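Report on the structure given below.
Protein chains in written order, with the working numbering: chain A, 0 to 251; chain B, 3 to 119.
Written out as structure tokens, the structure reads:
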């Protein structure tokens, strides 16, 4: 096989290529023949060392497939690189999150626990101090308390009851007076227009005046007794407060 | 780490066509690493090392050029027509480093396997 035959056969087998690419490749082989000849090799020798044109075209086909395959490989490579980076960054993030919870959260909980403990201790101390103070106070006031309780039971309560009864009865009495005054007034007025049994005619006019005066007096008396009751109740409240203070030991 | 393993797995999938060509890529780029050669010279040099037909090398050189690992330029010659020289690019040098390591790792594993008693 000489140069011409070789090139022509190769050209036939490279019909799947574009014309430019085919001619470029053929140019390479032609060059090879030229330089081979320079090295004093025969065309047949060069052709045989190059291999069969069919084999070369196969090789070229494979290389073309290789290119497309390589594109896929490149895509795969970039994909895996991206994923490896992604997984690395995720790992870093997870690690940092874990560390955060390990250190800061633990620290936070422990600090809280300690603060609660301290607060509890303070609270208990305060209560104990208060109790001790009260104990110290109550010891000194024992006699006073005893006298007060004795006084309250045997005198104070009765005084209070009598005051309540007095004021209360005064209030009831004043209301009764005003009711009777009202009754007198009403019967006197009614007696002017209608002849009433058991009511004398000459009683009617003075009955009206008497009724009015008794009613007003009763109302005034009831108001007075009400006010008196309030004053007494205030006094009693003050006395109760005084008692409480003595019981707590606040009065020396 | 697993990317590298997967890379090797991919390599193994393609191996029936890839292994020989991987070796050839490595040879071509290693030869061109130090000095530029014109086609015929380069093909002769490689065919001395690897038992392949010289004709199959031109498609490989073409592919390497398409990948931009090689570049070609014409240089006038005193003896005859201008020659097409092949030189390695910066990308080619980076790729060479990568496939060199892959080759070493691959052969190490294979050697370990075949040396098992």
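C-beta atoms are modelled at their ideal positions from N, C-alpha and C, and glycine is treated no differently.
Values in this document were obtained by computation on a predicted structure and should not be read as measured data.
Environment of residue i [buried if 16+ CB atoms lie within 10 Å]
i	result
residue 30 of chain B	buried
residue 173 of chain A	buried
residue 182 of chain A	exposed
residue 113 of chain B	exposed
residue 58 of chain A	buried
residue 61 of chain B	buried
residue 175 of chain A	exposed
residue 115 of chain A	exposed
residue 217 of chain A	buried
residue 46 of chain A	buried
residue 53 of chain B	exposed
residue 18 of chain A	exposed
residue 239 of chain A	exposed
residue 94 of chain A	exposed
residue 226 of chain A	exposed
residue 121 of chain A	exposed
residue 117 of chain B	exposed
residue 30 of chain A	buried
residue 45 of chain B	buried
residue 27 of chain B	buried
residue 221 of chain A	buried
Residue from the options with nearest C-alpha to residue i
i	options	result
residue 56 of chain B	A:55, A:177, A:49, A:53	A:49
residue 246 of chain A	A:170, A:151, A:230, A:10	A:151
residue 187 of chain A	A:193, A:206, A:175, A:176	A:206
residue 24 of chain A	B:23, B:67, B:43	B:67
residue 59 of chain B	B:94, B:76, B:41, B:104	B:41
residue 77 of chain B	B:70, B:115, B:69, B:89	B:89
residue 28 of chain A	A:3, A:18, A:165, A:180	A:3
residue 237 of chain A	A:226, A:159, A:134, A:224	A:159
residue 81 of chain B	A:33, A:155, A:145	A:33
residue 21 of chain B	B:84, B:86, B:106	B:106
residue 143 of chain A	A:95, A:244, A:212	A:244
residue 65 of chain B	B:94, B:103, B:102	B:94
residue 36 of chain A	A:154, A:16, A:1	A:1
residue 62 of chain A	B:118, B:23, B:35	B:23
Residue i - partner residues in DSSP beta bridges
i	result
residue 90 of chain B	B:72
residue 77 of chain B	B:85
residue 60 of chain B	DSSP output for residue 60 of chain B lists no bridge partner at all.
residue 39 of chain B	B:88
Chain B within 8 Å of residue i, Cβ atoms only
i	result
residue 49 of chain A	yes
residue 37 of chain A	yes
residue 108 of chain A	no
residue 94 of chain A	no
residue 58 of chain A	yes
residue 8 of chain A	no
residue 15 of chain A	no
residue 30 of chain A	yes
residue 54 of chain A	yes
residue 62 of chain A	yes
residue 91 of chain A	no
Cβ of residue i within 8 Å of any chain A Cβ
i	result
residue 111 of chain B	no
residue 33 of chain B	no
residue 45 of chain B	yes
residue 83 of chain B	yes
residue 70 of chain B	no
8 Å CB neighbourhood of residue i in its chain, flanking five on each side removed
i	result
residue 47 of chain B	33, 39
residue 242 of chain A	147, 151
residue 118 of chain A	none
residue 235 of chain A	159, 162
residue 91 of chain B	70, 71, 72, 73
residue 96 of chain A	none
Neighbour list for residue i in chain E, Cβ cutoff strictly below 9 Å
i	result
residue 80 of chain B	Absent here is chain E; the protein component of the structure consists of chains A and B.
Cβ shell of residue i (< 7 Å), same chain only, five flanking positions each side left out
i	result
residue 51 of chain B	29
residue 224 of chain A	166, 169, 170, 173
residue 214 of chain A	177, 180, 181, 184
residue 52 of chain A	5, 8, 9, 12
Sequence-distant residues of the same chain with beta carbon closer than 6 Å to residue i, five excluded per side
i	result
residue 56 of chain A	12, 13
residue 10 of chain B	Reliability of the predicted coordinates at residue 10 of chain B is poor, the pLDDT of 45 falling under 50, and the value obtained from them is presented with this limitation in mind. None.
residue 98 of chain B	31
residue 42 of chain A	1, 2
residue 85 of chain B	40, 77, 79
residue 203 of chain A	187, 190, 191
residue 210 of chain A	180, 183, 184, 187
residue 87 of chain B	38, 40, 75, 77
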